[in-house]
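Per numbering that gives the first Met the number 0, the first sequence starts with residue 0, numbered consecutively. Structure record follows, encoded as structure tokens.
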Amino acid sequence: MSVERVIFHVDMDAFFVSVEEIFDPTLKGKPVVVGGLAHERGVVAAASYEVRKFGVHSAMPLRHAYRLCPQAVFIPGHPDRYRSYSRQVRAVLDDFSPQVKMASIDEAYLDMTGSKRLLGPPLNVANSLHETIKEKIRLPCSIGIGTSRLVAKIASDMAKPNGILSVLPGAEDRFLAPLDVARIPGVGKVSQENLCKYGIHKIGQLTRLQEEHLRSIWGKAGVSLVAKSRGLDVDMWSSPGMSVPDKPKSISHETTFRDDTTKQDLIDATLVKLVQLVGRRLRGYGLHGRTIQLKLRYADFKTITRARTLIRSTQLDTVILASIRELFSQNWNEDKAIRLLGVQIGSLETTSGQLDWIDDPRDRKWKQALEATDAVRNRFGESSIGLASAMKNAHQERVHENTVDVPERKLE
DNA sequence: TCTGGGGTCCTAGGACCC
DNA sequence: TCTGGGGTCCTAGGACCC
Numbered sequence: 000m001s002v003e004r005v006i007f008h009v010d011m012d013a014f015f016v017s018v019e020e021i022f023d024p025t026l027k028g029k030p031v032v033v034g035g036l037a038h039e040r041g042v043v044a045a046a047s048y049e050v051r052k053f054g055v056h057s058a059m060p061l062r063h064a065y066r067l068c069p070q071a072v073f074i075p076g077h078p079d080r081y082r083s084y085s086r087q088v089r090a091v092l093d094d095f096s097p098q099v100k101m102a103s104i105d106e107a108y109l110d111m112t113g114s115k116r117l118l119g120p121p122l123n124v125a126n127s128l129h130e131t132i133k134e135k136i137r138l139p140c141s142i143g144i145g146t147s148r149l150v151a152k153i154a155s156d157m158a159k160p161n162g163i164l165s166v167l168p169g170a171e172d173r174f175l176a177p178l179d180v181a182r183i184p185g186v187g188k189v190s191q192e193n194l195c196k197y198g199i200h201k202i203g204q205l206t207r208l209q210e211e212h213l214r215s216i217w218g219k220a221g222v223s224l225v226a227k228s229r230g231l232d233v234d235m236w237s238s239p240g241m242s243v244p245d246k247p248k249s250i251s252h253e254t255t256f257r258d259d260t261t262k263q264d265l266i267d268a269t270l271v272k273l274v275q276l277v278g279r280r281l282r283g284y285g286l287h288g289r290t291i292q293l294k295l296r297y298a299d300f301k302t303i304t305r306a307r308t309l310i311r312s313t314q315l316d317t318v319i320l321a322s323i324r325e326l327f328s329q330n331w332n333e334d335k336a337i338r339l340l341g342v343q344i345g346s347l348e349t350t351s352g353q354l355d356w357i358d359d360p361r362d363r364k365w366k367q368a369l370e371a372t373d374a375v376r377n378r379f380g381e382s383s384i385g386l387a388s389a390m391k392n393a394h395q396e397r398v399h400e401n402t403v404d405v406p407e408r409k410l411e
């Protein structure tokens, strides 16, 4: 018989807005939107509780938010501040549990199993954690307590704002049954509508369904849905040791133009910039990637992705750029204005696809140059150095070498 | 009401190999 | 002389999360 797990889910309230209020206390009590200016192309990243009364919520287009609440204060946001405050929160959490997993910049899971002897009853501990974050960091949060991460997360959601909600062991079903299926993490708009077609609206209805029935309709997703409806951790929630994936599986950057464009030079300069951003972070992680993907969104919002996998993984902007330019020229329909461009690299590995002793001297040269500029950029900022002109025509002749036709090298 | 940016995971089909 | 089944890799698209 295993010990009942005790999981805390700590979720910061309107995190970006709350951080902005620390820097500008006059914002307190006002309708505030973080994410961009009122007439920009973009969406709401965080909404204060005051502005939510007007129907504004996150992920809503900024223009729409403006129409609902013209008197709101619109703030583009300060990602560095949010990251810094996120680290401060984490430091406090680490004092309460050796098992902390940050799920995103503003939420975390704490495994508090077995902490009772040391710290006291979970509800008291949560109270003291709540107080500590309030006093030390001056930020409000909500805490959910449950026997699984799923239950703890839903509980913290219902405790908002500025509250604590504990679901006692054995009470999971009673707690979950009356809730909308959309409360389940992983059930979004589409799944909710699909369930709705079968007359399923509440979590309790899912619990009563036969697993076989759901499997026949929704396959694997259906099976995990039944488990979730019973408050059990499945798939991404399941790892018992709550291991942290510290290395990313892909790295990407994308940008939406202020105005849709067909301008070749603007497009190419944008691709170069995106490649540089991706390349720099790739090297920052010490990773190499093999699959390079271009994302293209047209003015009508039709979006395509086109990918190519290299024979050897790379860390070099020049190699990435050559692939991206090729993918772009092969796929851009020149009549159509472009709304968004994106660059992604995946199939990441810690080791280079190349062995040192067959290292190409040209690659080595580029690698050194990039390391130097990375260092300068890290110290002095993004616009301090541009490799754009230098990269304009470099590596054109190398495209083939990295993508097609490399004769199989019999080395091993 | 015109819809960001950075991710993860899943599905489905085709190529290719045995 | 129309035809198998399993496994892996690759690509494209989409749901979902914060």
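Cβ atoms here follow ideal geometry from the backbone N, Cα and C, with glycine treated the same way.
Around the Cβ of Val2, a 10 Å sphere holds fewer than 16 other Cβ atoms; the residue is exposed. The residue from Phe15, Leu265, Leu286 with its alpha-carbon nearest to that of Leu339 is Leu265. Excluding its 5 nearest sequence neighbours in each direction, Phe327 has C-beta neighbours in its own chain below 7 Å: Leu270, Leu293, listed in chain order. Between Ala46 and Gly341, the alpha-carbon positions lie close to 27 Å from each other. In this structure, DSSP gives Val42 an extended state, which the three-state scheme calls strand. Setting aside the 5 residues that flank it on each side, Ser346 is surrounded in the same chain by Gly288, Arg289, Thr290, Thr308, Ser312, each with a C-beta closer than 8 Å to its C-beta; the list follows chain order. When the five nearest sequence neighbours on each side are left out, the beta carbons in the same chain lying within less than 6 Å of the beta carbon of His8 are those of Tyr108, Gly143, Ala151, Lys152, Ser155, in order along the chain. At the C-beta level, Gly230 and Leu175 come within 8 Å of one another. With respect to the 8 Å criterion, Val99 and Ile136 are not classified as neighbours on the basis of their beta carbons. Every unbroken stretch of the beta strand (DSSP E) spanning 3 or more residues and falling wholly within the segment 320–354 is given here in chain order: 337–345.
Per DSSP, the beta bridge partners of Ile6 are Asp110, Gly145. If the five residues before and after Ile21 are omitted, its C-beta is found closer than 7 Å to the C-beta atoms of Arg137, all from its own chain and listed in chain order. In this chain, the alpha helix (DSSP H) harbouring Tyr84 covers 78–95. Distances from the CA of Arg214 to each of Arg207, Ser223, Thr206 were compared; the closest alpha carbon is that of Ser223. Here Leu273 is not near Ile250, since their CB atoms are 8 Å or more apart. Cβ atoms of Met101 and Arg89 come within 8 Å of each other, at about 6 Å. Comparing alpha carbon positions, the residue from Gly285, Ala226, Lys227 closest to Lys248 is Gly285. Under the three-state reduction of DSSP, Cys140 is assigned to strand. Only buried fits Pro139, as 16 or more other CB atoms lie within 10 angstroms of its CB. Burial state of Pro177 is exposed, judged by a 10 Å Cβ sphere holding fewer than 16 other Cβ atoms. Between Ala44 and Ser57, the CB-CB gap stays under 8 Å.
Scanning its chain for C-beta atoms nearer than 7 Å, with the 5 sequence neighbours on each side dropped, one finds around Ile323 the residues Leu270, Val274, Ile291, Leu293, Val342, in chain order. Burial state of Arg66 is exposed, judged by a 10 Å Cβ sphere holding fewer than 16 other Cβ atoms. With respect to Pro75, Glu49 sits apart: the two C-beta atoms are not nearer than 8 Å.
Per DSSP, Gln98 lies in no beta strand (DSSP E) and is assigned neither H nor E. Contact between Val42 and Met59 holds, since their C-beta atoms are separated by about 6 Å, short of 8 Å. Our two residues, Asp267 and Gln191, have alpha carbons roughly 41 Å apart in a direct line.
Here the alpha carbons of Gln329 and Thr254 stand approximately 20 Å from one another. In the displayed model, Leu309 falls within a strand according to three-state DSSP. Residue state for Lys201 is assigned as strand, using DSSP reduced to three classes. Taking each of Asn332, His252, Gln263, Gly145 in turn and checking the Cα distance to Arg4, the smallest one comes out for Gly145. Annotated three-state conformation of Ile303 is strand, per DSSP. Non-local beta-carbon contacts of Leu36 in its own chain, meaning distances under 6 Å to residues more than five positions away in sequence, involve Phe73 in chain order. By the beta-carbon neighbour count (other beta carbons within 10 angstroms, threshold 16), Gln314 is buried.
The beta-bridge partner set that DSSP reports for His252 consists of Val342. Here Ile303 is exposed: its Cβ has fewer than 16 other Cβ atoms, across all protein chains shown, within 10 Å.
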